[in-house]
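Residue numbers (the numbering used here), protein chains in the order written: chain S, 11 to 222; chain X, 11 to 222; chain G, 11 to 222; chain A, 11 to 222; chain R, 11 to 222; chain P, 11 to 222. Ideal Cβ placement from N, Cα and C applies to all residues, glycine included. Bear in mind that the values here come from a model prediction, so they are computed numbers and not experimental data.
There are 6 protein chains.
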Amino acid sequence: MRVVLAVGAHPDDIELGCAGSLALHKMNGDRVYLLVLTKGEASGKLEVREKECRKAAKMLGADALFFGGLRDTHVSDGRETIDVIERIVTKVKPDLIYAPASKDTHQDHRNAGQASMSAGRHCKAILLYEGASTQRDFTPQVFVDIDKTFKLKRWVTRAFGSQVNNGNGGYSHAVKAIEGLAKFRGYQAGVDVAEAFEVGKFIFEVENNHGR
Amino acid sequence: MRVVLAVGAHPDDIELGCAGSLALHKMNGDRVYLLVLTKGEASGKLEVREKECRKAAKMLGADALFFGGLRDTHVSDGRETIDVIERIVTKVKPDLIYAPASKDTHQDHRNAGQASMSAGRHCKAILLYEGASTQRDFTPQVFVDIDKTFKLKRWVTRAFGSQVNNGNGGYSHAVKAIEGLAKFRGYQAGVDVAEAFEVGKFIFEVENNHGR
Amino acid sequence: MRVVLAVGAHPDDIELGCAGSLALHKMNGDRVYLLVLTKGEASGKLEVREKECRKAAKMLGADALFFGGLRDTHVSDGRETIDVIERIVTKVKPDLIYAPASKDTHQDHRNAGQASMSAGRHCKAILLYEGASTQRDFTPQVFVDIDKTFKLKRWVTRAFGSQVNNGNGGYSHAVKAIEGLAKFRGYQAGVDVAEAFEVGKFIFEVENNHGR
Amino acid sequence: MRVVLAVGAHPDDIELGCAGSLALHKMNGDRVYLLVLTKGEASGKLEVREKECRKAAKMLGADALFFGGLRDTHVSDGRETIDVIERIVTKVKPDLIYAPASKDTHQDHRNAGQASMSAGRHCKAILLYEGASTQRDFTPQVFVDIDKTFKLKRWVTRAFGSQVNNGNGGYSHAVKAIEGLAKFRGYQAGVDVAEAFEVGKFIFEVENNHGR
Amino acid sequence: MRVVLAVGAHPDDIELGCAGSLALHKMNGDRVYLLVLTKGEASGKLEVREKECRKAAKMLGADALFFGGLRDTHVSDGRETIDVIERIVTKVKPDLIYAPASKDTHQDHRNAGQASMSAGRHCKAILLYEGASTQRDFTPQVFVDIDKTFKLKRWVTRAFGSQVNNGNGGYSHAVKAIEGLAKFRGYQAGVDVAEAFEVGKFIFEVENNHGR
Amino acid sequence: MRVVLAVGAHPDDIELGCAGSLALHKMNGDRVYLLVLTKGEASGKLEVREKECRKAAKMLGADALFFGGLRDTHVSDGRETIDVIERIVTKVKPDLIYAPASKDTHQDHRNAGQASMSAGRHCKAILLYEGASTQRDFTPQVFVDIDKTFKLKRWVTRAFGSQVNNGNGGYSHAVKAIEGLAKFRGYQAGVDVAEAFEVGKFIFEVENNHGR
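What follows is the structure, encoded as structure tokens:
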């Protein structure tokens, strides 16, 4: 049994980025914690977004959902954000952290990624997930085959119904984009559908890893 | 009216990478030439692959299809490949070249991209398209909205029926992956479906460009 | 007719970086807006610098000059700067943004570039111009032939007469450096004089673009 | 049980780069194959170097040692090298390949790395090890704790006694350097001694991986 | 005689990164100044860390030790940090600055490096030293042979006795890691032990440099 | 007294890239050797280009000019090129090598740079100069103030009179571009005119370097 922590800047970041992998962790008996740094109040009603986020966490079967209490669009890469993440890291002691990849034009994503690298410096693994629309430079290195959990991912991402018009053609557009991406990453990985990650850090345990 | 040249290492590389954009060029009265460096004989019967390639070119409405006569999986980034491309560049005098992006684990793609940059050094624009399965590091910079030609692209890519089992789950898998990618790149660009490119070189003509 | 917005951190940044291209836009009937985030008070008298900036804007024929009201040398890549730029983006609705390239050792340039990428996320094109002295890592991708407006650029940049001793050998030195650079970038582009840009984002409109 | 293939350009490249990890694989019951592309005849007597290489393979407990038959200092990134590696990949069907990292000033290392990425495109994982002296740009991403096998690594690397004066101060110098590096990488990973890798590709199997 | 300024974010950063080079400067009659931006109070008692830092400076023979008065783990890359460094730059007028390399997961290191590049923009040379544990991406470009001062470096780094348990296995672990690294970097440079640097900026004076 | 070797792929590459620095070396009593890998026969008459090259070498005061005998546009990064360079390295034993920077779209420049890094692996310093027209990605790190030798550089580069129409607007265009670049690089370095270099490798000798 492992402990997994996923960090996102806004409600739905985690789900779009790595819901498939998190669901696999749950299927395998791992504990899965979610930390959402802001409530996404800059692009929707705070209460609605929070509610959707809780619903999605439940659908994923997350063991707990934490909110970081930071202000949407004001997430820094400095001490304040690092502290928020460190507090949860200390509490749940994750073996593996999922965090946003850092070369992103959205300041909150970029900084959440950087801060997770700082806060997770003593953890064994940090995998950096792909952002939906604002990522520019991403090198897929690690792939997770999400064939068994793709349906769940589609279902979970649809929990964010309020995000219907975010200037990129509506949230249903985002969901289709993410599904399209899963097929492309799957093809690159030699499977049907996959999520891709950059490697922040990964302690490879030969004795446990990758076996059969 | 512009002249456009698309360079690919194998039959189907061009179509998967930029058929949507090429079809748009045709819709706008541009001349479109295709140069396929090898006949892809390493992963299929040469005659079959050549035939499919000719069929796809016709479907796209290409003004001519040239074969470079290089050997599949032996494309270099040296003089031989540059010569092949330069000969066509001298002949058709393209305003714009589409070529494979260079950070690719497939040696033929990598080298075809490098050689196109050399051979096209006097052209006004070189856009580098995204490879289907072997691309690792790609930074989407330029986007083309392919909404009007997406159906044609799907139809054209299906011309490569022989590629049914290329170790990545079959060609229909490739086609779905490319369609998924179009949705993801579209989302990043703020449109429905898009093709994305890296910029090799681009002479931006303020007087003609991007206007309405 | 297009709408163009140029963003700079200090008076003279825009002019040194892309005055030639902006003047071409004006020649072609586009609307050109300037947004200068600070008044450059850290290296000169605020009133003098503001006055020079207004004069240069007039010489360029800019349709309006906005000041962002940020503090010189304190420009962040966070919410405050993004808000300032977003306000103008919302107001003028640019088709194309010119902003500073981001790999710069001057914090204001670096952050103005990052913030423009965030604030301009729904625009069709963001081109990143080359800084005069503090840029370190710059990859010329897009070139604009400024032959027709080079004289004007030289004249406009000389409006910043107060910048006579900024530790890099005086402003006339800067102007000569920028003129030298124009020749070098021109040579790379195959023309006499050019301005070079990195691509932040570029929606390439096949139907309008690059034609004749 | 997994199958592991380590690829090196010369005798001793594999041992210096990842002997500690390979020994761990053996301890865990995995099969370990070695493929050495040349016999290192450019910096020593071919027979001596081959003999040392066989001895080291035995000390490591490798299940087989293959020689690629390429010419020292003439390893390309093209078809010839890819073929050599593909033949062994087809034969042993590795789950995991260890190959040299590619940003190396030694042409053989650089090309062996590139060719391994091509040849191993259908494998689940490719980890790229750190070269002893000619590596310039290396980003440690994956760490293996080699505490249990460090002594064996020291012992194995000492099998290459002929390499006593290779212009970098002798082979004993190389061995000390590699031991020093293990301590530094260990410190970065939070353990005593480690080997570090870049990720070429890694299919992360949530159900098997990293657990306890 | 030259003037050298070394900048560090915390007590012991400078010593681990470049004590060997600084000691060489002292041996050659240069003036050596140290600027430590914080007192490292986040991982130890402020008074103890300050005392150790003063002791190490004395052992190195530094001409002066300045403290920047910033708050540990809160070092920014903005105006505040730049001001602190600029003040010392103005005071001691360094020919050469040693500062932390910037691709580091520790925010203080990253920002201290960026701010040094800004503050030192009029200096002739800025060399960026390698961090002990949190550096991820470092390209060794400049090497200093520290054979004559390695013993002193070992002795100096041991002055930081309070850092006995910093989560990476204790400070004696750090010291061993740094010694191991010196052997590896030495091997890359063709000498016994070396310190490695990235180049921020370097005015190469042909008439004085590198001669005999 | 030092020994300096400059490597170029074609006649005029060295002169455009680093004639100012080489002339400074001569002024300071260093020995300066030139190695030109091809005779540039692809863009001019071999005899004419050779003659111009000899003339320029004489004007620079080079101690010897070697031709590598490779074929223009066919320079590889493999053994053949490395051998040619190694032979001269063994003969003249340079302390410092000037070679072309490697991120260049011209295959000969790219490969000459790579091969120089291999061939010069035991030298103390390798500085990589900026190419005239085909360089794309260049990070200026090291600057040489060429104020004292700029006139000579202008005079020397004009020796290549045959290069009057190379598709980039003629050689006089190249010369002006290079002079413009010198002003820009000078401005970045805080001097009038400069040549800029990337660092391949640099053993920094504290006891001799950068002093007064």
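{"Query": "Neighbour list for Q198/S in chain X, Cβ cutoff strictly below 7 angstroms", "Result": "S143"}
{"Query": "Listed by chain order, chain R residues near S182/S by CB distance under 7 angstroms", "Result": "Per Cβ cutoff of 7 angstroms: no residues; S182/S is ~37 angstroms from chain R at best."}
{"Query": "Same chain, Cβ closer than 6 angstroms to N178/G, neighbours up to 5 away in sequence not counted", "Result": "Here N178/G scores only 46 on pLDDT, less than 50, and its place in the model is too uncertain to base an answer on."}
{"Query": "Minimum Cβ-Cβ distance from F212/X to chain P less than 7 angstroms", "Result": "no"}
{"Query": "Bridge-paired residues (DSSP) for P110/A", "Result": "Y139/A"}
{"Query": "Closest by C-alpha distance to N38/P, when choosing among K158/P, V201/P, G50/P", "Result": "K158/P"}
{"Query": "Proximity test, Cβ basis, 7 angstroms: H84/S and chain G", "Result": "yes"}
{"Query": "Beta-ladder partner(s) of V46/G, from DSSP", "Result": "G18/G, F77/G"}
{"Query": "Alpha-carbon spacing of F170/X relative to A187/P, whole angstroms", "Result": "48 angstroms"}
{"Query": "Cβ of T48/P within 7 angstroms of any chain X Cβ", "Result": "no"}
{"Query": "Proximal residues to A19/G (C-beta, below 7 angstroms), its chain only, five neighbours per side dropped", "Result": "L47, T48, V85, P110, D118, H119, A122"}
{"Query": "Residue from A52/P, I156/P, I107/P with nearest C-alpha to A33/P", "Result": "I156/P"}
{"Query": "Cβ contact (3+ pairs, closer than 8 angstroms) linking the region 146 to 153 of chain P and the region 205 to 212 of chain R", "Result": "yes"}
{"Query": "Residue nearest to E57/X in terms of C-alpha spacing, selected from S172/X, V216/X, A74/X, D105/X", "Result": "S172/X"}
{"Query": "Cut-off 7 angstroms between Cβ atoms - residues of its own chain near V216/G, not counting five sequence neighbours on either side", "Result": "none"}
{"Query": "With 16 other Cβ atoms within 10 Å as the buried cut-off, status of H116/X", "Result": "buried"}
{"Query": "Within-7 angstroms CB hit, E51/P to chain R", "Result": "no"}
{"Query": "Exposure label - H132/P; buried when at least 16 CB within 10 Å", "Result": "exposed"}
{"Query": "Short Cβ contact (7 angstroms threshold) for F76/G with I107/G", "Result": "no"}
{"Query": "Residues near P21/X by beta carbon distance below 8 angstroms, same chain, minus five either side", "Result": "V46, K49, G50, R59, E60, E62, C63, A66, F170"}
{"Query": "Proximal residues, the region 117 to 138 of chain A versus chain X, C-beta separation under 7 angstroms", "Result": "M127, S128, R131, H132"}
{"Query": "Chain G contact for T149/S (CB, 7 angstroms cutoff)", "Result": "no"}
{"Query": "Cβ-Cβ separation, G141/G to G71/G (assumed contact under 8 angstroms), whole Å", "Result": "Rounded, the Cβ-Cβ distance is 23 angstroms, inconsistent with contact."}
{"Query": "Chain S residues whose Cβ lies nearer than 9 angstroms to that of S31/A", "Result": "F214, V216"}
{"Query": "Partners in chain S for I92/G, counting only beta-carbon separations shorter than 9 angstroms", "Result": "T83, Q117"}
{"Query": "Limits of the beta strand (DSSP E) - the one that V154/X falls within", "Result": "152 to 155"}
{"Query": "Endpoints, alpha helix (DSSP H) assigned at V166/P", "Result": "160 to 167"}
{"Query": "8 angstroms contact criterion, which A192/G and F160/G should meet: CB distance rounded", "Result": "6 angstroms"}
{"Query": "Candidates V203/A, D73/A, M127/A, Q145/A, of which the one nearest D87/A by Cα", "Result": "M127/A"}
{"Query": "Neighbour flag for L191/R against chain P, beta carbons, 7 angstroms", "Result": "no"}
{"Query": "Alpha-carbon to alpha-carbon, T91/X and L80/X", "Result": "8 angstroms"}
{"Query": "Within-7 angstroms CB hit, K161/R to chain A", "Result": "no"}
{"Query": "Whole-angstrom distance between K163/A and G30/A, CA atom to CA atom", "Result": "5 angstroms"}
{"Query": "For F212/A, three-class secondary structure by DSSP", "Result": "strand"}
{"Query": "In DSSP terms, what Q145/X is bridged to", "Result": "D114/X"}
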